[in-house]
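Take a look at the structure below.
Chains as they are written, first to last, in this note's numbering: chain X, 8 to 331; chain A, 8 to 331.
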């Protein structure tokens with residue numbers, strides 16, 4: 008089985024690749040080839056018996072998808088995207104990378120003969136916009152209030168239509184906000200949810216741009232990789248025609264995040280959090296959902312963390328080398 | 008005020024143009040220029056003091072929208088579309104005409120300086136897919152089960168995002184199935200809903216491809232024109248950011264349609280309906296919704312007919328010259 012990951016240099020893409028290189032299986036299928044692509048060359052992964060290829064490619068260029076799909080990968084993890092803050096700030100880039108690239112990919116698949124790969128598409132809870140009930144049921148309409156949410160909601164619709172037509176086997180995952188993201192802050196407006204834990208855990212100062220009563224929907228990077236792998240091997244008959252799923256997550260307030268930080272790393276860590284309200288981020292975050300039923304995804308076996316102590320422990324184990 | 012109608016040679020486009028030429032007003036605004044465009048040249052309308060232009064243009068060609076928008080119309084009725092049956096049968100054409108043309112139009116508007124026209128976009132109840140509650144509330148998710156529904160649902164998302172960004176003043180209308188459509192049957196899978204009344208009212212045989220217990224959501228062409236005009240003049244502050252509305256309609260079964268036909272034109276007319284089950288159409292129609300709450304649109308003053316007697320009377324008045 009040949010696996011393709013777009014956005015392979017991103018945080019999730021790298022972690023997924025590491026997992027696949029280690030495990031060499033997707034469900035019952037042995038992985039014999041792995042291709043990663045991103046705008047920069049994905050780096051730092053162990054070689055995989057010479058059958059692992061890296062490409063620097065702009066998926067917003069119509070030729071890129073064609074070239075990748077000519078190799079007929081069996082599983083495609085389509086993770087390539089510009090994050091929310093950047094898609095809002097650069098309208099054209101957001102539409103090109105988050106919408107056009109998805110359409111080019113689906114069209115490249117459609118025009119291959121006798122080919123019907125599994126496509127795992129990462130969507131977002133930002134497809135939902137205020138007002139919403141709390142928790143939000145699976146059947147609640149998608150009325151995004153950001154370019155990023157709009158582009159992902161369109162990707163979902165395309166994925167479902169191409170799947171319905173038998174062009175591909177699509178499954179879309181509305182990921183919770185991933186927390187704690189390792190590495191540096193990114194341009195996502197949600198970046199601080201990780202920053203206020205990650206920086207203090209590394210002895211650094213962090214900025215909190217919103218109030219402590221903000222509640223949000225989280226899952227660890229480890230849960231996200233589990234979601235992607237489960238989506239790759241699940242029986243799509245069980246998923247049905249509405250192939251875009253809101254995934255389970257942990258609903259927690261910033262206050263609860265900080266309390267868990269104190270339990271894990273003490274008061275000194277907490278004192279590294281500096282309050283600095285940012286109205287741009289605050290406005291955006293208040294238009295985001297807090298909590299979901301995620302009934303269908305739960306019934307299909309998708310699982311997230313139960314509390315922030317668990318999320319912090321996962322970060323310490325996976326990123327800081329703490330004993331598990 | 009300059010008004011542009013895309014799809015101006017279609018049934019709704021023609022009726023709207025006739026109305027605008029007669030009334031010369033949209034709300035408080037006097038119409039000084041009217042441009043119609045379609046794949047064929049719209050014909051048969053009275054001249055409008057020389058300020059009425061017709062263009063044959065393919066809106067799926069990126070240059071068409073640019074050319075039209077350079078004239079900076081104040082009101083744009085974007086009706087151009089390939090109907091449901093055709094969009095399903097010709098995948099590429101459907102995406103080109105129903106999705107690309109909408110995006111080209113919105114992009115042409117975005118790249119004009121200091122310009123923010125009102126854009127009235129016709130969407131469809133086919134953005135909804137089974138399973139659904141009955142009636143369907145305004146907040147029910149859009150999970151279309153046809154290419155046409157998918158393309159229109161994407162158009163809605165684009166319209167809302169471009170409106171949110173202040174690029175245009177968008178309002179999207181999920182029209183009920185228009186009944187009784189005048190003229191010849193079209194390639195829409197819903198065409199028979201009109202045919203079973205229109206053909207007998209004209210002394211002709213009609214084909215009924217589905218069972219009599221099929222229920223559906225209807226409005227007359229006259230109601231549709233009222234919807235479009237109301238959308239053009241309504242205060243968009245009242246509509247809010249979720250600018251795509253499910254419009255009110257009349258929920259009726261095929262049986263109720265036929266009973267109203269008998270009351271209007273007698274048993275002889277009814278005997279002209281020939282049952283000829285068509286599994287392609289039947290399958291498609293069973294995936295369509297029957298009834299909606301349409302709460303928001305009703306509260307904004309949109310109104311449809313109360314029974315099929317009224318819908319038949321409107322057809323007889325507007326198309327067969329019956330006295331009103």
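We put the beta carbon where it would ideally sit given N, CA and C, even for glycine. Since this is a predicted model, take the numbers as computed values, not measurements.
Residues that residue i contacts on chain A, provided the C-beta gap is smaller than 9 Å
{"i": "residue 16(X)", "result": "Correct list: empty, because the minimum Cβ distance to chain A is about 27 Å."}
{"i": "residue 248(X)", "result": "136, 137, 150, 152"}
Local conformation of residue i per DSSP, three classes
{"i": "residue 73(X)", "result": "helix"}
{"i": "residue 209(X)", "result": "coil"}
{"i": "residue 41(A)", "result": "strand"}
{"i": "residue 108(X)", "result": "helix"}
{"i": "residue 306(X)", "result": "helix"}
{"i": "residue 269(A)", "result": "helix"}
{"i": "residue 27(X)", "result": "helix"}
{"i": "residue 204(X)", "result": "helix"}
{"i": "residue 99(A)", "result": "helix"}
{"i": "residue 8(X)", "result": "coil"}
{"i": "residue 61(A)", "result": "strand"}
{"i": "residue 299(A)", "result": "strand"}
{"i": "residue 2(X)", "result": "For residue 2(X) there is no data in the structure shown, the boundaries of chain X being 8 and 331."}
{"i": "residue 66(A)", "result": "coil"}
{"i": "residue 229(X)", "result": "helix"}
{"i": "residue 164(X)", "result": "helix"}
{"i": "residue 157(X)", "result": "helix"}
{"i": "residue 33(A)", "result": "strand"}
{"i": "residue 172(A)", "result": "coil"}
{"i": "residue 282(A)", "result": "strand"}
{"i": "residue 327(A)", "result": "coil"}
{"i": "residue 288(X)", "result": "helix"}
{"i": "residue 215(X)", "result": "strand"}
{"i": "residue 116(A)", "result": "helix"}
{"i": "residue 241(X)", "result": "coil"}
{"i": "residue 46(X)", "result": "coil"}
Exposure label - residue i; buried when at least 16 CB within 10 Å
{"i": "residue 328(X)", "result": "exposed"}
{"i": "residue 132(X)", "result": "buried"}
{"i": "residue 191(X)", "result": "exposed"}
{"i": "residue 197(A)", "result": "buried"}
{"i": "residue 66(A)", "result": "buried"}
{"i": "residue 283(X)", "result": "exposed"}
{"i": "residue 77(X)", "result": "exposed"}
{"i": "residue 85(A)", "result": "buried"}
{"i": "residue 168(A)", "result": "buried"}
{"i": "residue 116(X)", "result": "buried"}
{"i": "residue 293(X)", "result": "exposed"}
{"i": "residue 251(X)", "result": "buried"}
{"i": "residue 225(X)", "result": "buried"}
{"i": "residue 153(A)", "result": "buried"}
{"i": "residue 287(X)", "result": "exposed"}
{"i": "residue 256(A)", "result": "buried"}
{"i": "residue 94(A)", "result": "buried"}
Counterpart residues of residue i in DSSP-defined beta bridges
{"i": "residue 126(A)", "result": "83(A), 177(A)"}
{"i": "residue 258(A)", "result": "224(A)"}
{"i": "residue 252(X)", "result": "180(X)"}
{"i": "residue 148(X)", "result": "None; residue 148(X) has no bridge partner."}
{"i": "residue 185(X)", "result": "226(X)"}
{"i": "residue 143(X)", "result": "299(X)"}
7 Å Cβ cut-off: residues of chain X touching residue i
{"i": "residue 148(A)", "result": "146, 147, 148, 149"}
{"i": "residue 154(A)", "result": "168"}
Partners in chain A for residue i, counting only beta-carbon separations shorter than 8 Å
{"i": "residue 157(X)", "result": "164, 165, 167, 168"}
{"i": "residue 161(X)", "result": "161, 164, 165"}
Within chain X, partners of residue i - CB distance below 8 Å
{"i": "residue 171(A)", "result": "152"}
Practice task
Give a yes or no on contact between the segment 302-316 of chain X and the segment 244-256 of chain X, applying the rule of three or more CB pairs nearer than 8 Å.
Solution key: A contact exists between the segment 302-316 of chain X and the segment 244-256 of chain X.
query: Counting Cβ pairs, one atom from each stretch, are 3 or more of them under 8 Å apart for the segment 139-150 of chain X and the segment 94-112 of chain X?
result: Segments in contact, no.
Touch check for the segment 176-194 of chain A and the segment 16-31 of chain A: three-plus C-beta pairs under 8 Å?
Because the criterion of three Cβ pairs below 8 Å is met, the segment 176-194 of chain A and the segment 16-31 of chain A touch.
(message) For the structure I just gave you, are there three or more beta carbon pairs, one from the segment 304-319 of chain A and one from the segment 213-222 of chain A, closer than 8 Å?
(response) The answer is no - the segment 213-222 of chain A does not touch the segment 304-319 of chain A, with fewer than three Cβ pairs under 8 Å.
Requested in this report: Taking 8 Å as the threshold, find out whether the segment 268-288 of chain X comes into contact with the segment 199-211 of chain X through three or more Cβ pairs.
Outcome: A contact exists between the segment 268-288 of chain X and the segment 199-211 of chain X.
query = Can you find at least 3 beta carbon pairs, one from the segment 48-56 of chain A and one from the segment 67-74 of chain A, that sit closer than 8 Å?
reply = Touching, no, given that fewer than three Cβ pairs across the two stretches are closer than 8 Å.
- Query: Three or more beta-carbon pairs under 8 Å between the segment 35-43 of chain A and the segment 54-61 of chain A, yes or no?
  - Reply: Verdict: yes, contact present.
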